[in-house]
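>
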Amino acid sequence: MLLFLSLLATAAAPPPGGWPIPPQESTVASVYDGDTITLTTGDKIRLRWVNTPELRPPEAYGVEAREAAERFLSGKRVRLVMSGENPRDGYGRVLAGLDTDEGSLSLHLLELGLGHVFVIPPDDTDLSEMIAAQDRARAAGRGIWSTDRYQGTLHMTSFHANAAGDDNENVNGEYLRVANVSNGDLNVDGYRIRNAGGQEYIFPALTIPNGHTVEIHSGQGQHQTNPSQQLEIFLGSSVPVWDNSRDRAVIVDRFGTVLDARDHEVRSR
Ligand SMILES: [Ca+2]
Ligand SMILES: [Ca+2]
86 MLLFLSLLAT
96 AAAPPPGGWP
106 IPPQESTVAS
116 VYDGDTITLT
126 TGDKIRLRWV
136 NTPELRPPEA
146 YGVEAREAAE
156 RFLSGKRVRL
166 VMSGENPRDG
176 YGRVLAGLDT
186 DEGSLSLHLL
196 ELGLGHVFVI
206 PPDDTDLSEM
216 IAAQDRARAA
226 GRGIWSTDRY
236 QGTLHMTSFH
246 ANAAGDDNEN
256 VNGEYLRVAN
266 VSNGDLNVDG
276 YRIRNAGGQE
286 YIFPALTIPN
296 GHTVEIHSGQ
306 GQHQTNPSQQ
316 LEIFLGSSVP
326 VWDNSRDRAV
336 IVDRFGTVLD
346 ARDHEVRSR
């Protein structure tokens, strides 16, 4: 039990002897949220090709996404669809699609509007079927597509305003992840992001393919604009950009139209 707990605590580092090989087929032990699932083998899955709303802090349709995943998987054999190139994420979770005899869970969630297309590179899967399902859900105003946060072409999926350690010493530890949720590739050259203090930073020339994300770091660094790997841009600040206690990130296009706004707030409980 102690060994098990210590493995959980250091999930980012492989256990001695390396990660176990995930099974090809299994059954589901529990569904944490719409895209995070534990198999009866103990393997934790990060579902490929979709990102569902978070439960903590709660986002609209997070509960519905979890319940839909539970209904889809409950009591069934599931087949894992893994990429040989990229079998695990930074937390040691297995990156896999989950298929049952009724089809793909990712496709099902996209059809219901309970998540958006989300690629974790490297991944050269043909996304056209999933993008078509997303387009149908959007056109019908289902689920997340009925909410304010998904009316623009970009959506901030996470906001790390508080970098690990001292933010002044780790400016690039502040970052946001932003997904292209439009129905095509998006050139964000000249788009801007601003904080609650009104400081604005301009995006460099970058094309985000449909369903891909870009990590936006506060400090200096070399932009990574090749979508076969994780896209990254650097705002070039020498000091932290985001207030650790409370801030708001707003992304606008080159005409000043707001595409998405996301609050960071430390919750006391
Ligand atoms: Ca900060
Ligand atoms: Ca910090």
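Residue numbers (the working numbering): 86 to 354.
C-beta atoms are modelled at their ideal positions from N, C-alpha and C, and glycine is treated no differently.
(1) Alpha carbon to alpha carbon, what distance is there between ALA246 and ARG331?
(2) Indicate the three-state DSSP secondary structure (helix, strand or coil) for PHE203 in the structure shown.
(3) I want to see whether chain B comes within less than 8 Å of SER191, judged by CB atoms only; does it?
(4) Would you say the beta carbon of ASN329 comes nearer than 7 Å to a heavy atom of ligand 2?
(5) On a CA-only basis, which of ILE287, LYS161, GLY147, LEU192 is nearest ASP211? Give me that one, please.
(6) Run through DSSP, which three-state label would ALA346 get?
(7) For HIS349, which option in GLU214, GLU196, ALA281 has the closest C-alpha, if you only look at C-alpha atoms?
(8) Under 5 Å, CB to any heavy atom of ligand 2. Which residues pass, going along the chain?
(9) What residue range is occupied by the uninterrupted beta strand (DSSP E) comprising GLU285?
(10) Can you tell me whether GLU259 is buried or exposed? The criterion is at least 16 other CB atoms within 10 Å of its CB, across all chains shown.
(11) Which two residues bound the contiguous beta strand (DSSP E) that contains VAL326?
(12) Within a Cβ cutoff of 6 Å, which residues of the same chain sit near THR310, ignoring the five residues on either side of it in sequence?
(13) Could you compute how far the alpha carbon of SER267 sits from the alpha carbon of GLU187?
(14) From LEU195, TYR235, ASN257, LEU124, pick the residue whose C-alpha is nearest to that of SER213; which is it?
Put simply:
(1) If you take the alpha carbons of ARG331 and ALA246, they lie about 9 Å apart.
(2) PHE203: strand per DSSP, three-state reduction.
(3) Within the model displayed, chain B is absent; a lone protein chain is all it includes.
(4) Flag set: Cβ of ASN329 near ligand 2.
(5) Relative to ASP211, the option among ILE287, LYS161, GLY147, LEU192 whose CA is nearest is LEU192.
(6) The answer is strand: DSSP assigns ALA346 an E or B state.
(7) Looking at the Cα atoms, ALA281 is the closest of the given residues.
(8) Result: ASN247, ALA248, ASP252.
(9) Counting along the chain, GLU285 sits inside the beta strand (DSSP E) bounded by residues 285-287.
(10) Within 10 angstroms of the beta-carbon of GLU259 lie 16 or more other beta-carbons, which makes it buried.
(11) It is not in any beta strand (DSSP E) - VAL326 carries neither H nor E in the DSSP assignment.
(12) For THR310, the CB contacts under 6 Å within the same chain, skipping 5 residues up- and downstream, are LEU291 in chain order.
(13) Their backbone Cα atoms lie some 27 Å apart in a straight line.
(14) Closest by alpha carbon: LEU195.
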